[in-house]
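Chains A and B, in that order, give the protein sequences. The first sequence begins at 1 in my numbering and counts up one residue at a time. The second sequence begins at 429 in my numbering and counts up one residue at a time.
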Amino acid sequence: MSERVHQLPEEPNPEIESVVERYWLLQKAGGLVAPLLTVVLAFFISGIVVLVTTGSVGDTLQTYKAIFEGTGLSWFFDIGNYNVGLPFTDAKVWFPWNTNEFESIAAANLQQTLILWVALVLTGLAVAFAFRCGLFNIGAQGQYLAGSIVAVLIATELPKVVDLPGWLLIIATVLGGMLAGAAIAGIAGLLKGTVGAHEVITTIMLNWIVLWVGSYFFGIGGPFQTDEAGTAGTVPSSADIVEKAKLFLFWGDPLLQGVHIGLFAALGALVVYSLTLNRTTLGYEVRAVGHNPEAARYGGISVARNYFLAMAIAGLFAGLAGALDIVGWEFRLDTTQIQGSTVGFIGIAVALLGRNTAVGVALAALLFAALQTGTASRNLDPEFFPPDLASSLAIIIQGLIVLFVGADIIVLLALRRLKRKRGARLTA
Amino acid sequence: MRRLPRGRRAVAWIGVIVGVSAALVALPPIQVRSPVAPVIFGLFALTIGIGSWIRGERRIGGYAIATGVLGLIIGYLATRSSVEHLEAVVVWGALFAATLRYATPLVFASIGGLFSERSGVVNIGLEGMMLMGAFFAVWGADVTGQWTLGLAIGMVAGGLTGLLHAFFAVSLRADQIVGGTAINFLALGLTTYLFFKIYGSEGTPTNLSTIPDVRLGFLDDIPVIGDFLHDIFGQLDLMIWIAIVLVVATWVVVFKTPIGLRIRSVGEHPRAADTVGINVYAVRYGAVTVSGMLAALGGAYLSLGFVNSFDDNMTAGRGFIALAALIFGNWRPFGAAIACLLFGFSSALSDFLQEYSTSVSTLFEALPYVLTLVAVAGVIGKSIPPAAIGRPYVKQ
Numbered sequence: 001m002s003e004r005v006h007q008l009p010e011e012p013n014p015e016i017e018s019v020v021e022r023y024w025l026l027q028k029a030g031g032l033v034a035p036l037l038t039v040v041l042a043f044f045i046s047g048i049v050v051l052v053t054t055g056s057v058g059d060t061l062q063t064y065k066a067i068f069e070g071t072g073l074s075w076f077f078d079i080g081n082y083n084v085g086l087p088f089t090d091a092k093v094w095f096p097w098n099t100n101e102f103e104s105i106a107a108a109n110l111q112q113t114l115i116l117w118v119a120l121v122l123t124g125l126a127v128a129f130a131f132r133c134g135l136f137n138i139g140a141q142g143q144y145l146a147g148s149i150v151a152v153l154i155a156t157e158l159p160k161v162v163d164l165p166g167w168l169l170i171i172a173t174v175l176g177g178m179l180a181g182a183a184i185a186g187i188a189g190l191l192k193g194t195v196g197a198h199e200v201i202t203t204i205m206l207n208w209i210v211l212w213v214g215s216y217f218f219g220i221g222g223p224f225q226t227d228e229a230g231t232a233g234t235v236p237s238s239a240d241i242v243e244k245a246k247l248f249l250f251w252g253d254p255l256l257q258g259v260h261i262g263l264f265a266a267l268g269a270l271v272v273y274s275l276t277l278n279r280t281t282l283g284y285e286v287r288a289v290g291h292n293p294e295a296a297r298y299g300g301i302s303v304a305r306n307y308f309l310a311m312a313i314a315g316l317f318a319g320l321a322g323a324l325d326i327v328g329w330e331f332r333l334d335t336t337q338i339q340g341s342t343v344g345f346i347g348i349a350v351a352l353l354g355r356n357t358a359v360g361v362a363l364a365a366l367l368f369a370a371l372q373t374g375t376a377s378r379n380l381d382p383e384f385f386p387p388d389l390a391s392s393l394a395i396i397i398q399g400l401i402v403l404f405v406g407a408d409i410i411v412l413l414a415l416r417r418l419k420r421k422r423g424a425r426l427t428a
Numbered sequence: 429m430r431r432l433p434r435g436r437r438a439v440a441w442i443g444v445i446v447g448v449s450a451a452l453v454a455l456p457p458i459q460v461r462s463p464v465a466p467v468i469f470g471l472f473a474l475t476i477g478i479g480s481w482i483r484g485e486r487r488i489g490g491y492a493i494a495t496g497v498l499g500l501i502i503g504y505l506a507t508r509s510s511v512e513h514l515e516a517v518v519v520w521g522a523l524f525a526a527t528l529r530y531a532t533p534l535v536f537a538s539i540g541g542l543f544s545e546r547s548g549v550v551n552i553g554l555e556g557m558m559l560m561g562a563f564f565a566v567w568g569a570d571v572t573g574q575w576t577l578g579l580a581i582g583m584v585a586g587g588l589t590g591l592l593h594a595f596f597a598v599s600l601r602a603d604q605i606v607g608g609t610a611i612n613f614l615a616l617g618l619t620t621y622l623f624f625k626i627y628g629s630e631g632t633p634t635n636l637s638t639i640p641d642v643r644l645g646f647l648d649d650i651p652v653i654g655d656f657l658h659d660i661f662g663q664l665d666l667m668i669w670i671a672i673v674l675v676v677a678t679w680v681v682v683f684k685t686p687i688g689l690r691i692r693s694v695g696e697h698p699r700a701a702d703t704v705g706i707n708v709y710a711v712r713y714g715a716v717t718v719s720g721m722l723a724a725l726g727g728a729y730l731s732l733g734f735v736n737s738f739d740d741n742m743t744a745g746r747g748f749i750a751l752a753a754l755i756f757g758n759w760r761p762f763g764a765a766i767a768c769l770l771f772g773f774s775s776a777l778s779d780f781l782q783e784y785s786t787s788v789s790t791l792f793e794a795l796p797y798v799l800t801l802v803a804v805a806g807v808i809g810k811s812i813p814p815a816a817i818g819r820p821y822v823k824q
């Protein structure tokens with residue numbers, strides 16, 4: 001086996017800049033300028049689409065304003081005299097923002113954005129972690145779904161067998177989801193490390209396998225499809241998870257989908273991501289392999305092992321996202337959800353735009369979560385822009401951002417050349 | 429003239445045939461009702477397969493093992509299920525005709541992918557290109573009233589999408605996988621946007637000018653197998669025949685003409701190709717554009733030939749199956765076409781199985797992906813991509 005591994009890496013070819021090298025350059029480039037330019041350009045071009053649709057510049061600006069208000073981010077600008085309940089007490093303390101989602105639409109919208117942010121941060125990290133090892137994890141979607149599916153199975157089936165206390169059931173559910181994600185991703189990592197199967201191909205295949213297995217589980221006649229009235233509605237779906245497996249909401253009304261404590265898990269994951277990569281031996285090895293697998297091998301680092309570990313850890317993040325969505329606000333899975341979810345794919349855009357850094361991922365996830373919420377048909381005023389077009393507009397903007405992020409190496413090279421020229425002029 | 433396989437290879441192939449027969453004996457029209465027959469056939473195939481594997485004939489031996497196991501399982505299940513069910517599901521003529529119908533969009537897209545990837549540009553954007561073709565063909569046919577012009581407009585839309593991918597992949601040297609992902613997002617957003625903008629919630633018009641069927645009534649007159657042939661080939665969409673021609677033409681172009689040699693050399697070793705005066709950028713631009721046009725034809729067949737309407741995200745992952753077929757077929761036209769037929773057959777069977785059990789039919793949809801995963805894992809032979817795939821070329 002090891003002999004085969006030795007033949008795997010691409011022949012070193014100094015003339016051709018490898019994908020990994022280019023991402024390394026992007027990594028070093030860091031900064032906010034290029035991603036910001038990318039986003040502005042994407043919004044500008046999609047603005048042209050809106051302009052063509054609405055036919056006036058005023059309406060275009062109004063549409064963007066309406067989308068912004070739909071995101072709930074306007075909440076931060078509405079400062080006044082409000083109060084907020086202190087957690088675990090009956091006391092109310094002064095607060096500059098109105099946290100009552102029944103009084104402030106912005107607050108309700110912001111809750112939606114934050115709920116989505118949790119999932120996007122985690123799938124973004126799943127893509128980013130693999131990226132740092134030189135792997136393109138297109139499979140975050142499948143890993144996310146695997147996490148959701150297993151979480152639903154545990155939180156509906158396990159209580160039938162043993163009666164666990166709520167906190168233990170939640171831990172079991174979330175851990176199960178994470179491990180499912182890790183297992184799915186681990187297959188891709190293992191195949192990459194042992195036989196050199198390209199991770200893009202294997203993760204795409206795994207995405208579809210998980211999607212169809214999930215559809216089988218919860219589809220018509222599937223082994224875990226429920227016939228319970230009221231929960232299933234018209235679409236075949238799983239049973240609802242038991243009440244005590246649902247996460248605590250720290251902001252919002254349970255009837256309106258409030259923000260669950262999974263938000264702190266996402267924040268924690270950002271810290272873990274950053275620390276693991278920058279402060280541990282594992283992170284060092286992962287980055288070394290990502291930078292140059294050949295050099296890492298000479299340095300005594302097992303490339304195959306790190307490919308596997310990087311993918312498995314990526315899967316942990318994505319699986320966590322899937323499990324948290326289930327115990328946080330979805331509570332069940334149906335086939336349209338399984339087949340229509342795109343959280344993992346947006347995670348690719350999040351990681352790319354966020355430059356695979358923790359802070360970048362957090363910010364990019366906020367942008368995409370806000371975009372998604374802001375263009376949701378219920379949040380958008382139909383006076384300026386037809387709501388049924390808005391969600392496609394969001395997809396177009398996502399596509400443009402990914403397209404430009406992929407090409408911003410050109411911007412960086414141009415900037416670098418410019419700098420060099422200026423430097424030359426100064427010395428002359 | 430190619431020689432027939434000999435020695436171990438021939439033995440391994442016999443194993444494959446025995447494995448297939450394990451399933452066949454239990455299915456109509458033979459329908460042996462005793463489970464002993466498929467089990468014996470299956471085990472025999474398995475033995476031959478393992479024997480061949482040990483003696484080094486891994487690829488075909490692997491096929492024999494796989495068909496042996498599958499044949500045993502299918503054959504056994506068939507003997508367990510009722511005769512009425514069997515005869516409802518296994519209608520060979522209809523099954524093969526449906527296979528061709530399902531395989532055709534995949535063939536167009538995966539042949540498209542072949543051009544792009546043979547020239548060294550990864551094309552994850554096949555899905556998006558298909559979607560563009562599917563929408564713009566319907567839109568074109570609606571506006572002009574002619575399916576021919578609809579096809580042309582769909583192809584132009586696909587070609588432009590390919591051009592965009594080429595611009596980012598070749599000229600801007602953007603990462604090709606990122607670019608392809610972006611193409612998929614963009615195409616999905618754009619077609620859904622235009623679909624709702626132009627057709628609203630009512631959907632595309634029902635009186636579209638659609639791609640005609642080719643009727644071959646004379647097949648019926650052929651003795652013995654005439655009926656059977658007529659069931660399969662008697663009434664097929666024109667695009668299915670075009671797809672068959674396309675596969676042969678692609679093989680000729682890619683392996684027997686200077687153009688094909690250029691495409692392949694650019695994909696294998698662009699520096700060497702450049703040295704002998706081949707314009708690497710031009711070849712890649714051309715190949716990726718053609719790739720977009722062909723994928724668009726696949727999408728156009730889907731909308732304008734198969735279901736006669738457009739719906740948002742109607743390709744539903746077929747672009748990715750096409751990509752899988754390309755890899756499964758080892759980046760070769762006939763290999764890819766056979767993989768498309770295999771995947772098409774699994775879709776057709778899944779359709780027919782719906783009568784039997786909806787949930788099993790759903791599970792069946794995962795089969796092409798599992799097969800591809802096994803194929804790229806190198807368990808059965810190994811897929812070897814073009815050497816310079818995914819790497820941008822920097823001219824010196």
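Every residue gets a Cβ at the ideal spot worked out from N, C-alpha and C, and that includes glycine. Quick caveat: nothing in here was measured; it's all calculated off a predicted structure.
- Query: Under the rule that 16 or more other beta-carbon atoms within 10 Å means buried, what is R355 (chain A), buried or exposed?
  - Reply: buried
- Taking Cβ to Cβ, would you say A440 (chain B) is nearer than 8 Å to V453 (chain B)? no
- Item | Any alpha helix (DSSP H) of 4 or more consecutive residues that is wholly inside the stretch 516-547 of chain B | Counting only unbroken stretches of 4 or more residues, the alpha helix (DSSP H) elements lying wholly within the stretch 516-547 of chain B are 520-546, in sequence order.
- Query: What residues in the stretch 72-94 of chain A bring their beta carbon closer than 8 Å to a beta carbon of chain B?
  - Reply: none
- Which residues DSSP lists as bridging Y82 (chain A), in chain order: A:F95
- Message: For the pair the stretch 158-167 of chain A and the stretch 385-392 of chain A, tell me if three or more CB-CB distances fall below 8 Å.
- Response: With the cut-off at 8 Å, the stretch 158-167 of chain A and the stretch 385-392 of chain A do not touch.
- Query: Who are the near neighbours of V448 (chain B) in its chain, counting only those whose CB is closer than 7 Å to its CB and skipping five residues on each side?
  - Reply: T495, G499
- Roughly how many angstroms separate the alpha carbons of Y64 (chain A) and I493 (chain B), rounded to a whole number? 59 Å
- Message: Assuming V739 (chain B) is part of the beta strand (DSSP E), what are its boundary residues?
- Response: One point to set straight first is that residue 739 (chain B) is Asp, not Val, in the sequence displayed. Here D739 (chain B) belongs to no beta strand (DSSP E), and DSSP marks it neither H nor E.
- Task: Could you tell me which residues DSSP pairs with D641 (chain B) in its beta bridges?
- Result: B:D665
- Message: Between V716 (chain B) and chain A, is any beta-carbon pair separated by less than 8 Å?
- Response: No, no contact with chain A.
- Query: In chain order, which continuous runs of the alpha helix (DSSP H) of length 4 or greater are located wholly inside the stretch 592-628 of chain B?
  - Reply: 604-627
- Query: Who pairs with W251 (chain A) in a beta bridge, going by DSSP?
  - Reply: A:V259
- Looking only at its own chain, which residues have a Cβ that is under 7 Å from the Cβ of F596 (chain B), when we skip the five neighbours before and after it? Excluding the 5 residues flanking it on each side, F596 (chain B) has same chain C-beta neighbours closer than 7 Å at A602, G607, in chain order.
- Query: According to the neighbour-count rule (16 or more other Cβ atoms, all chains shown, within 10 Å of its Cβ), is D334 (chain A) buried or exposed?
  - Reply: buried
- CB contact flag (V118 (chain A), L263 (chain A), <8 Å): yes
- Going by DSSP, which residues form a beta bridge with S215 (chain A)? Under DSSP, S215 (chain A) shares a beta bridge with no residue.
- Item | Listed by chain order, chain B residues near G406 (chain A) by CB distance under 7 Å | F596, A602, D603, V606, G607, A610, listed in chain order.
- Message: What would DSSP say about S510 (chain B), mapped onto helix, strand or coil?
- Response: coil
- Task: Measure from the C-beta of M205 (chain A) to each C-beta in chain B and report whether the shortest distance is under 8 Å.
- Result: For M205 (chain A), the answer is yes, since a Cβ of chain B falls inside 8 Å of its Cβ.
- Task: Note down the Cα distance separating A232 (chain A) from A245 (chain A), rounded to an integer number of angstroms.
- Result: Only weak support exists for where A232 (chain A) lies, its pLDDT of 47 falling under 50; the value from the coordinates is given anyway. Cα to Cα, A232 (chain A) sits roughly 19 Å from A245 (chain A).
- Query: Counting contacts by CB-CB distance shorter than 8 Å, is D59 (chain A) in contact with chain B?
  - Reply: By this cut-off, D59 (chain A) is not an interface position.
- With F697 (chain B) as the anchor, note down where its alpha helix (DSSP H) starts and where it stops. Correcting the residue identity first, residue 697 (chain B) is His in this sequence and not Phe. It is not in any alpha helix (DSSP H) - H697 (chain B) carries neither H nor E in the DSSP assignment.
- Item | Element boundaries [alpha helix (DSSP H), containing S302 (chain A)] | Where S302 (chain A) is concerned, there is no enclosing alpha helix (DSSP H), given that its DSSP letter is neither H nor E.
- List the endpoints of the continuous alpha helix (DSSP H) containing T226 (chain A). Premise fails: T226 (chain A) is in no alpha helix (DSSP H) and is neither H nor E.
- Item | Spatial neighbours of V52 (chain A) in its chain, beta-carbon cut-off 8 Å, leaving aside the 5 residues before and after | Only residues of its own chain outside the window of five on either side were considered, and among them none has a CB closer than 8 Å to the CB of V52 (chain A).
- In three-state DSSP terms, what is F780 (chain B)? helix
- Which residue or residues does DSSP assign as beta-bridge partners of D388 (chain A)? Paired residues: none, contrary to the question.
- Mind pulling the chain B residues with CB within less than 7 Å of Q398 (chain A)? Identification of chain B residues near Q398 (chain A) by a Cβ-Cβ cut-off of 7 Å yields F613, ordered along the chain.
- Query: Relative to the alpha-carbon of M583 (chain B), which residue among B:A677, B:V519, B:F771, B:A724 has its alpha-carbon at the smallest distance?
  - Reply: B:A724
- Query: By the 10 Å Cβ neighbour count, where 16 or more other Cβ atoms means buried, how is V682 (chain B) classified, buried or exposed?
  - Reply: buried
- Query: Are the C-beta of F43 (chain A) and some C-beta of chain B separated by less than 8 Å?
  - Reply: The beta-carbon of F43 (chain A) is placed no less than 8 Å from the nearest beta-carbon of chain B.
- Message: Can you pull the chain A neighbours of F748 (chain B), defined as C-beta to C-beta under 7 Å?
- Response: I204, W208
- Query: Is it true that the stretch 142-153 of chain A meets the stretch 395-407 of chain A, where meeting means three or more beta-carbon pairs spaced less than 8 Å apart?
  - Reply: no
- Query: Comparing the CB of W481 (chain B) with every heavy atom of the ligand GDP, is any distance shorter than 7 Å?
  - Reply: With respect to the ligand GDP, the structure offers nothing, as it holds no ligand at all.
- Going straight from the alpha carbon of I348 (chain A) to that of V446 (chain B), what length do you get? Cα to Cα, I348 (chain A) sits roughly 46 Å from V446 (chain B).
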